[in-house]
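Colleague:
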Amino acid sequence: MEIGFIGLGKMGFPMARRLIEAKHQLVVFDQRKEAIDKLVALGAQAASSPQEVADCAETVMASLPSLQASLEVATGAAGVIEGKRVRRFVDLSTVGSHMAVRIHDFLVKRNIVQLDSPVSGGVGGAENGTLAVMVSGPKPDFEAVKPALNVIGKVFFIDKKPGSAQTMKLANNLLSATAVVATSEAVVMGVKSGLDPKVMIDVINSGSGLNTASRDKFPRSILPRTFDFGFATGLMVKDVRLCLEEAKALGLSMEVAEAVGRLWEVVIREMGADSDFTSAIKPIEKAAGVVVGGAKS
Ligand code: NAD
211 MEIGFIGLGK
221 MGFPMARRLI
231 EAKHQLVVFD
241 QRKEAIDKLV
251 ALGAQAASSP
261 QEVADCAETV
271 MASLPSLQAS
281 LEVATGAAGV
291 IEGKRVRRFV
301 DLSTVGSHMA
311 VRIHDFLVKR
321 NIVQLDSPVS
331 GGVGGAENGT
341 LAVMVSGPKP
351 DFEAVKPALN
361 VIGKVFFIDK
371 KPGSAQTMKL
381 ANNLLSATAV
391 VATSEAVVMG
401 VKSGLDPKVM
411 IDVINSGSGL
421 NTASRDKFPR
431 SILPRTFDFG
441 FATGLMVKDV
451 RLCLEEAKAL
461 GLSMEVAEAV
471 GRLWEVVIRE
481 MGADSDFTSA
491 IKPIEKAAGV
501 VVGGAKS
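My numbering numbers the first residue of the sequence shown as 211 and each following residue consecutively.
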């Protein structure tokens, strides 16, 4: 099918590439020309604005780094909302349910369907087509885009209520964020007392402490100290903040989430928004006066 794709970053680029490889016709746009050029070399057609993308395709997907970017791309001047052909906007970004509903409310007035479709599984999942894809919106439009979404991962229909897939995604990412800082604290404690962090991770991964940080992030990016997993600290903090806002709006007090949120605020302050989120261990190491992994691991 003809698909517009806006936002060709760490996640968007490999998802768009997979869609091209699956013989879909892609029209692409990004603020970075080099990202567009790389996809054109793979067979995509270039567009010069979100509106031009939406002039060319009924289905427009987006993978963007901030709430403001999604709002602007979807509803701004020269945005998707002005496109001549577009019928549905599939937002693969994490924007939280409040922003998803706001975008939905703008688009519905122009007969454009909003499908929230946040994804989980990281850059590796985007490259291998193994993401968890959570979709909310009208079922017939979900069915129309499902064959294309199958190319990027395992597709789940969450609910027809706008924003509900975003709530699902925030619950997932709270667990991911918790795993990184909780595992960092546990391993730093062991190293402080003289344990070998590689042995610790091997034991945890064979025991009941196993989680996505111990399984993926420690072996690949923390123990070798490459800190290159592919998800920015700024994006992780965005998701944790959105989750806390969502909990507050529901009248909930979430003790663990609040502690996790405080830790991630320290990480963004000390490591910067552009650092890889696996750098979260560094302030914990600094406070303990130890370094985990490196040459020995
Ligand atoms: P990224 O920063 O690598 O990519 C974003 C892309 O959007 C960039 O190419 C940027 O140039 C482009 N862009 C920004 N503003 C734009 C605009 N107004 N118009 C057109 N293009 C614009 O971010 P990412 O890591 O690919 O994340 C994208 C989304 O996916 C985020 O919502 C993130 O939370 C979510 N996500 C990321 C991961 C991950 O592991 N990186 C995993 C799951 C979900």
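We treat Cβ as the ideally placed atom computed from N, Cα and C, and that holds for glycine.
All values reported here derive from a predicted model rather than from experimental measurement.
Which runs of the alpha helix (DSSP H), 4 residues or longer, sit entirely within the stretch 425 to 483?
Modeller: Listed in chain order, they are 443 to 459 and 465 to 481.
Colleague: Which ranges does the beta strand (DSSP E) cover as unbroken runs of at least 3 residues, wholly within the stretch 290 to 314, from first to last along the chain?
Modeller: If we require 3 residues or more, the beta strand (DSSP E) runs fully inside the stretch 290 to 314 come out as 298 to 301.
Colleague: In this structure, how does DSSP classify Leu380 when only helix, strand and coil are distinguished?
Modeller: Correct three-state label for Leu380: helix.
Colleague: Determine the extent of the beta strand (DSSP E) in which Ala342 is found, giving its start and end residues.
Modeller: Start and end: Leu341 to Ser346.
Colleague: By how many angstroms is the C-alpha of Thr304 removed from the C-alpha of Lys448?
Modeller: Rounded to the nearest angstrom, the two C-alpha atoms are 9 Å apart.
Colleague: From Leu420, His234 and Val296, pick the residue whose C-alpha is nearest to that of Val390; which is it?
Modeller: Out of Leu420, His234 and Val296, Leu420 has the C-alpha closest to the C-alpha of Val390.
Colleague: Return the chain-ordered list of same chain residues with a C-beta closer than 7 Å to the C-beta of Thr393, the five sequence neighbours on each side being excluded.
Modeller: Taken in chain order, the residues that qualify are Asn421, Ala423, Ser424 and Phe428.
Colleague: For Lys233, report the span of its beta strand (DSSP E) as first-last.
Modeller: Premise fails: Lys233 is in no beta strand (DSSP E) and is neither H nor E.
Colleague: Evaluate Gly417 with the Cβ neighbour count: other Cβ atoms within 10 Å of its Cβ, from every protein chain shown; 16 or more gives buried, anything less gives exposed.
Modeller: It counts as exposed.
Colleague: When you compare the stretch 477 to 489 with the stretch 428 to 443, are there three or more beta-carbon pairs, one atom per stretch, that lie closer than 8 Å?
Modeller: At 8 Å Cβ cutoff, the stretches touch.
Colleague: Are the beta-carbon atoms belonging to Val270 and Val290 less than 8 Å from one another?
Modeller: A contact, by the Cβ cut-off of 8 Å.
Colleague: Based on Cα-Cα distance, which residue from Gly373, Lys233, Met211 and Ala254 lies nearest to Phe223?
Modeller: Checking every option, the nearest Cα to that of Phe223 belongs to Ala254.
Colleague: Identify the residues that DSSP records as bridge partners of Phe223: which are they?
Modeller: According to DSSP, Phe223 bridges with nothing at all.
Colleague: Alpha carbon to alpha carbon, what distance is there between Gly471 and Leu384?
Modeller: C-alpha separation (whole angstroms): 9 Å.
Colleague: Where does the unbroken alpha helix (DSSP H) through Gln278 begin, and where does it stop?
Modeller: Here the alpha helix (DSSP H) through Gln278 covers Leu277 to Thr285.
Colleague: Can the beta-carbon of Leu325 be found closer than 8 Å to that of Val296?
Modeller: Cβ distance not < 8 Å, so Leu325 and Val296 don't count as in contact.
Colleague: From the DSSP output, in three-state form, read off Met271 for me.
Modeller: Of the three classes helix, strand and coil, the one that applies to Met271 here is strand, per DSSP.
Colleague: Determine the closest residue to Arg320 out of Val343, Val329 and Gly293, with distance taken between C-alpha atoms.
Modeller: Cα-wise, what sits closest to Arg320 is Gly293.
Colleague: Assuming Gln261 is part of the alpha helix (DSSP H), what are its boundary residues?
Modeller: Start and end: Pro260 to Cys266.
Colleague: By Cβ distance below 8 Å, which residues in the same chain neighbour Lys248 in space, the five residues on each side in sequence not counted?
Modeller: Closer than 8 Å at Cβ, skipping near neighbours: Leu218 and Phe223.
Colleague: Using only the heavy atoms of the ligand NAD, determine whether one of them is closer than 7 Å to the beta carbon of Arg242.
Modeller: The answer is yes for Arg242.
Colleague: Thr488: buried (16+ other C-beta within 10 angstroms of its C-beta) or exposed?
Modeller: Under this definition Thr488 is a buried residue.
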